[in-house]
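In what follows, a structure is listed as structure tokens, so that the remarks can point back to it.
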Ligand SMILES: [Zn+2]
Ligand SMILES: [Zn+2]
């Protein structure tokens, strides 16, 4: 039997990936597949698996030969359970990867590509021993790629030696990243990149990706860098996601942008639960991406956050969550002290 090169893509599907990030990853996987499928070495050896993580980790695609691989549907949900993802990875490697025995050579050392853009929300230290983070040579080659500007690189450095940074999260940037990942997988599949210590030699990095060298400082404790609130358009009832960023100077969350959500993603996301955040910590709201209403309020009856216009104080608003008629607007920045359900990733 052929020696296989198991490749695991560990993909952060938390809410911070919304706004192009997740679509770019989908497109990247798709481009990677079509490229590797015409590469005879890769076709012969590469087996691909996708593990996603948000509030929990799940196997989106178990280890599959390239030709049979079906692209997974990736959806955005709250949470960044990196620890759960590492535990699941360790379990999958344990069951899927063939070990070398006396008379057969097992699979090549798995190549793991971890893509994350935030701070882990669970215990990621406990599973480190399971993935052999302290063992040399390591049971798997893990490369972590931090995307965006809110990554805790000290965490990634505890997981693996090779930590890369890609600050720009635009589709073009992800495109270059996946071209590079594909080339690295391809050369790993030829075995030429495997050095004496068992590490895979990486292809030359694209200009938008840099290696993080030197010890990264941990992000200071305190509130999470980003916060996400789910809302519904009061005019059209469609769901959306408000993104906030913590402003350490002012000590509150500033609105960044609101993103349209599909009904499916809105349903998927209602499962995770995070502690409420007091509305006093929110400095206003981003405009509704469906109707451009500039503010937001919260229904006292069902807790739904909805878009509102500060200029329509007299008009009655129908809560898009429970249908109650609300007499007046409660703007998120009115300081009235309601708690809003956080939905963070
Ligand atoms: Zn609206
Ligand atoms: Zn309501």
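Numbering (the working numbering), first residue to last: -9 to 335.
Ideal Cβ positions, reconstructed from N, Cα and C, are used throughout, including at glycine.
Predicted, not measured: the structure shown is a model, and the values here were computed from it.
Only residues of its own chain outside the window of five on either side were considered, and among them 152, 153, 154, 155, 195 have a CB closer than 8 Å to the CB of residue 201, listed in chain order. The closest CA to that of residue 8, considering only 249, 288, 279, is found on 249. In summary, residue 63 is exposed, with fewer than 16 beta-carbon neighbours lying within 10 Å of its beta-carbon over all protein chains present.
Proximity of the beta carbon of residue 311 to ligand 2 is indicated: a heavy atom of the ligand is located closer than 6 Å. Near ligand 1, meaning a Cβ closer than 6 Å to any of its heavy atoms, lie the following residues in chain order: 223, 224, 225, 278, 280, 281, 283, 297. The Cβ atoms of residue 278 and residue 294 lie no closer than 7 Å to each other. Bounds of the alpha helix (DSSP H) holding residue 172 are 161 to 179. Our two residues, residue 85 and residue 157, have alpha carbons roughly 35 Å apart in a direct line. Taking 6 Å as the cut-off, one finds no heavy atom of ligand 2 near enough to the beta carbon of residue 198. Exposed is the label assigned to residue 92, since fewer than 16 other Cβ atoms lie within 10 Å of its Cβ.
Contact between residue 240 and residue 276 does not hold, since the beta-carbon distance rounds to 17 Å and is not under 8 Å. Taking a C-beta distance under 7 Å as the contact criterion, residue 224 and residue 243 do not qualify as a contact pair. For residue 116 and residue 10, the gap between their C-alpha atoms comes out near 32 Å. Assigned with DSSP and collapsed to three states, residue 230 falls in strand.
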